[in-house]
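So for the sequence shown, my numbering puts the first residue at 3; every next one is plus one.
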Amino acid sequence: MATAYESLNYMDEESLFSEEDLMIRNVVRDFVTKEVIPTLQEANRKEEFPAHLIPRFGELGLLGSTIQGYDCAGISPISYGLVMQELERGDSGIRSFCSVQGALVMYPIFSYGSEAQRQKYLPKLAKAQLIGCFGLTEPDAGSNPGGMLTRAEKVKGGYKLNGNKMWITNGCVSDLAIVWARFDGVVRGFIVEKGTPGYTTSTMKGKFALRVSVTSELHFQDCIVPEENILPNAQGLKGPLGCLTQARYGIAWGVVGAANACYHTALHYAKDRVIFDKKPLAGYQLGQAKLVKMVQEITKGQLLALQMGKLKESGRLQPHHVSLVKMNNCRMALDVEREARDMLGANGTIDDYPVIRHMLNLETVNTYEGTEDIHRLVVGQQITGIPAFR
Ligand code: TGC
Ligand code: FAD
3 MATAYESLNY MDEESLFSEE DLMIRNVVRD FVTKEVIPTL QEANRKEEFP AHLIPRFGEL
63 GLLGSTIQGY DCAGISPISY GLVMQELERG DSGIRSFCSV QGALVMYPIF SYGSEAQRQK
123 YLPKLAKAQL IGCFGLTEPD AGSNPGGMLT RAEKVKGGYK LNGNKMWITN GCVSDLAIVW
183 ARFDGVVRGF IVEKGTPGYT TSTMKGKFAL RVSVTSELHF QDCIVPEENI LPNAQGLKGP
243 LGCLTQARYG IAWGVVGAAN ACYHTALHYA KDRVIFDKKP LAGYQLGQAK LVKMVQEITK
303 GQLLALQMGK LKESGRLQPH HVSLVKMNNC RMALDVEREA RDMLGANGTI DDYPVIRHML
363 NLETVNTYEG TEDIHRLVVG QQITGIPAFR
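1. Pull up the distance between the alpha-carbon of residue 210 and that of residue 71, whole angstroms please.
2. Compute every distance between the C-beta of residue 217 and the non-hydrogen atoms of the ligand FAD, then say whether any falls below 7 Å.
3. Assign residue 288 to one of two classes, buried (16 or more other C-beta atoms within 10 Å of its C-beta) or exposed (fewer than that).
4. Alpha carbon to alpha carbon, how far is residue 136 from residue 66?
5. Relative to the alpha-carbon of residue 144, which residue among 170, 125, 159 and 120 has its alpha-carbon at the smallest distance?
6. Confirm, please, whether the CB-CB distance from residue 358 to residue 350 is below 8 Å.
7. Could you give the DSSP three-state label for residue 274: helix, strand or coil?
8. Which residue spans inside the region 183-243 form an unbroken beta strand (DSSP E) run of at least 3?
9. Quick check: is any heavy atom of the ligand TGC less than 7 Å from the C-beta of residue 139?
10. Quick one: using the 10 Å Cβ neighbour count with 16 as the cut-off for buried, is residue 293 buried or exposed?
11. Short check: CB of residue 238 to CB of residue 181, under 8 Å?
12. With a threshold of 7 Å (Cβ to nearest heavy atom), would residue 145 be considered close to the ligand FAD?
13. Report the residue ranges of all alpha helix (DSSP H) runs contained in full by the region 22-60; include only those spanning at least 4 residues, in chain order.
14. Taking the alpha carbon of residue 273 as the point to measure from, which residue in 360, 8 and 290 has its own alpha carbon closest?
15. Taking the alpha-carbon positions, what's the residue 374 to residue 147 distance?
16. Helix, strand or coil for residue 173? Go by DSSP, reduced to three states.
17. To test your reading of the DSSP string, which unbroken beta strand (DSSP E) runs of 3 or more residues are found completely within the region 99-169?
18. Contact check, residue 323 vs residue 310 under 8 Å by CB: the rounded distance?
19. Just the Cα atoms here: how many angstroms apart are residue 22 and residue 81?
20. My output table needs one value for residue 3: the three-state DSSP class, helix, strand or coil.
21. For residue 73, collect the residues of the same chain with a Cβ closer than 8 Å to its Cβ; drop the 5 residues on either side in sequence, then sort them by chain order.
22. Do you know offhand how far residue 191's Cα is from residue 175's?
23. Which residue from 356, 383 and 114 puts its Cα closest to that of residue 47?
24. For the alpha helix (DSSP H) containing residue 330, name the first residue and the last one.
25. Using C-beta distances below 7 Å, list every residue in its chain close to residue 307, excluding the 5 sequence neighbours before and after it, in chain order.
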């Protein structure tokens, strides 16, 4: 029974969370068990986002939930991490929806926007009355967003955008896009509303991973964005990269939830599945070794995420810390999920069990928000002082 789910608590990690953290986590855990998980098999088969959940994200305060004011929940970074973990226990695409809206759309409006922009957009984004997306990646600029070709030029009353963005989560279903473009050689952010002349979107189909998440291209052809829609306080690449740090923080927590879901499935499967007419898989040394490795790695990932949360709460978190945990925890989750898939044998290849879906999702999660290589290079630069990107 899905309601019997309990996350791994091998080192009594739960004693390190506050009562409020656990209360918030339990509300989201219940939501994911009762309302999210039952929709996923069909949504994944159809390559569709379960749109009926969107108003529930707003009602439960899951969007932009660490922001204070503007009808946002104002929860702590550690509570937020646990929320991401529960959502990703359901599916990485569900966590993606909420983390894009919060970290990549609401965060830049909150941090770089004018007060008028905050008042106009944040309360509606928090309640899911508006959906947003984040356009940074381009066909020829993924890991190197500084190579973007999208341009803005000044025209009477605003800015004219030309260019294309690719691989954009929620692009086609969004009411507004945060779009990054070069203006006078400097990267700037623009709020582009759906329906603006010259702005079109197209859906990208055929993904074998993150199938419940909508992925799109954004096209700008002489698209005029009004003067009041430029983000006044973001100048340079550090604007979008600052948003990525927020989103990577959520991912580094979230993937622990996906790994937990796979461990949980593998443990129960191994206890039931009798091998060679003798005893359950869990009674063989090889079976136990695989389960123990999962416990070992998930526990380390959980503790790393928690320490990252503590650094954030005390204002000491740096982007290179987040890179280390995003890189470690995505790799950990991918390895755990592949091992779990193996333990389920043929059943590990069908969607009656969540494992193959999580495993394929993690291929994407390990790539987006900075590939594993990029995070390795960020940490490499931090410890040596020598950038090796170019
Ligand atoms: P570099 O010269 O290192 O930095 C330029 C300026 O930015 C500052 N900075 C950061 N600031 C905040 N947070 C960070 N993480 C930062 N990283 C760098 C830096 O201090 C500098 O500031 P200043 O004041 O000196 O101007 O820039 P670079 O061009 O060498 O690039 C560095 C690199 C490769 C690490 C960066 O480009 C990078 O992170 N690339 C990966 C791109 C990426 O992650 N894209 C993600 C797109 S969004 C997405 O995938 C959403 S998935 C959504 C979902 O969940 O569905
Ligand atoms: P590339 O940059 O072409 O990388 C290809 C390979 O080269 C990788 O193995 C990489 O690690 C390696 N590599 C790159 N640079 C170096 C280097 N310097 N040294 C050594 N190796 C290197 N983007 C957005 O802006 N908004 C979104 O909402 C969004 N959502 C996404 C949703 C999905 C489902 C996916 C798959 C992607 C999404 N992305 C989004 C894009 C994502 O961030 C990029 O795909 C990612 O940053 C990698 O870029 P790339 O695909 O162009 O790969």
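No residue lacks a Cβ here, since even glycine has one placed at the ideal position from N, Cα and C.
Here's the rundown:
1. The sequence position of residue 210 within the sequence shown is 208, counting from 1. The sequence position of residue 71 within the sequence shown is 69, counting from 1. Cα-Cα distance, rounded: 39 Å.
2. Numbered from 1 along the sequence shown, position 215 holds the residue referred to as residue 217. Distances between the C-beta of residue 217 and the heavy atoms of the ligand FAD include at least one below 7 Å.
3. Here the question's residue 288 lines up with position 286 in the sequence shown. Of the other Cβ atoms in all chains shown, fewer than 16 fall within 10 Å of the Cβ of residue 288; this residue is therefore exposed.
4. The sequence position of residue 136 within the sequence shown is 134, counting from 1. The sequence position of residue 66 within the sequence shown is 64, counting from 1. About 14 Å.
5. Your numbering for residue 144 matches position 142 in the sequence shown. Among 170, 125, 159 and 120, the Cα nearest to that of residue 144 is on 170.
6. By 1-based counting over the sequence shown, the position of residue 350 is 348. By 1-based counting over the sequence shown, the position of residue 358 is 356. Contact flag set, yes.
7. Here residue 274 corresponds to residue number 272 of the sequence shown, with the count starting at 1. Helix, per DSSP.
8. 188-195, 201-205 and 217-228
9. In the sequence shown, the residue the question calls residue 139 occupies position 137. Residue 139: yes, Cβ under 7 Å from the ligand TGC.
10. Position 291 of the sequence shown, counted from the start, is the residue given in the question as residue 293. So residue 293 counts as buried.
11. As a working mapping, residue 238 is identified with position 236 in the sequence shown. As a working mapping, residue 181 is identified with position 179 in the sequence shown. Contact flag unset, no.
12. What you label residue 145 is simply residue 143 of the sequence shown in a count that begins at 1. The answer is yes for residue 145.
13. 39-48
14. Numbered from its first residue, the sequence shown carries residue 273 at position 271. With distances taken between Cα atoms, residue 273 lies closest to 290.
15. Taking the sequence shown and counting its residues from 1, the one referred to as residue 374 is at position 372. Taking the sequence shown and counting its residues from 1, the one referred to as residue 147 is at position 145. Cα to Cα, the separation comes out at about 16 Å.
16. By one-based count along the sequence shown, residue 173 stands at place 171. If DSSP states are grouped into helix, strand and coil, residue 173 belongs with the helices.
17. 134-137 and 153-157
18. Here residue 323 refers to the residue found at position 321 of the sequence shown. Here residue 310 refers to the residue found at position 308 of the sequence shown. Right, the Cβ-Cβ distance comes to about 6 Å (below 8 Å), so this counts as a contact.
19. Here residue 22 is taken as the residue at index 20 of the sequence shown, counted from 1. Here residue 81 is taken as the residue at index 79 of the sequence shown, counted from 1. The alpha-carbon separation between residue 22 and residue 81 amounts to approximately 8 Å.
20. Your numbering for residue 3 matches position 1 in the sequence shown. Per-residue confidence for residue 3 stands at a pLDDT of 39, beneath the threshold of 50, marking its modelled position as unreliable; the derived number appears in the next sentence. Three-state result, residue 3: coil.
21. Position 71 of the sequence shown, counted from the first residue, corresponds to residue 73. So the list reads 124, 125, 128 and 129, once near-sequence residues are dropped.
22. On the sequence shown, residue 191 is found 189 positions in, with the first residue counted as 1. On the sequence shown, residue 175 is found 173 positions in, with the first residue counted as 1. Distance between the alpha carbons of residue 191 and residue 175: 20 Å.
23. What you label residue 47 is simply residue 45 of the sequence shown in a count that begins at 1. Of the listed residues, the one whose Cα sits closest to residue 47 is 356.
24. As a position in the sequence shown, residue 330 is number 328, starting the count at 1. Here the alpha helix (DSSP H) through residue 330 covers 321-345.
25. Locating residue 307 in the sequence shown gives position 305, where the first residue counts as 1. The answer, listed in chain order, is 83, 254, 255, 258, 327 and 331.
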